[in-house]
Amino acid sequence: MKFCELNKIVNRQTEVKIKEKVEDAKESQIIGVLINDVLNKRLESLKEFSQQNKSKAEISIKI
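FYI, in the working numbering the residues of the sequence shown are 773 to 835.
Laid out in structure tokens, this is it:
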């Protein structure tokens, strides 16, 4: 096998591996964004709950 042919094969294999890693990274990024979104919504929910409890506590103290 000539060096040129061998080089083409190696380049193709490298290109395929790079594409696979890019796809894996994209999938990981998408999963990360989804997890972040869920956590942000949960945080907002907890903030609202905390605010409601604070308001209830203030009302109880006034009474």
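Ideal Cβ positions, reconstructed from N, Cα and C, are used throughout, including at glycine.
Using the three-state DSSP reduction, which class does Lys826 fall into: helix, strand or coil? helix
Val810 to Lys774, Cα distance in whole Å? 54 Å
So for Lys774, helix, strand or coil by DSSP? coil
Roughly how many angstroms lie between the CA atoms of Ser822 and Val805, to the nearest whole one? 25 Å
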